[in-house]
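Report on one structure; see the data block that follows.
Numbering (our numbering), first residue to last: 134 to 213.
Shown next as structure tokens:
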């Protein structure tokens, strides 16, 4: 699934690859859920891409995707 692929990229590939796959989901009209967003935000956090992480954080609200403790934690960590 896309969620599994995004999570895997987050662990072994650069954040850029994770975001490419994440954006491809939208282009393919695959629903992006909390787990997928969390994986993308975490990838940005690990790649020290705080601007991207916060953009995804805001996008979740705009897309009405529920943010949880993991989401907030990754977003805060990205800003440190």
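Using N, Cα and C, we set each Cβ at its ideal position, and we do this for glycine too. From a predicted model like this one, the values you see are computed outputs, not experimental measurements.
Under the three-state reduction of DSSP, residue 210 is assigned to helix. Per DSSP, residue 166 lies in no alpha helix (DSSP H) segment and is marked neither H nor E. Sixteen is the threshold: since fewer than 16 other Cβ atoms of the shown chains lie within 10 Å of the Cβ of residue 202, the residue is exposed. Taken through DSSP and simplified to helix, strand or coil, residue 156 comes out as helix.
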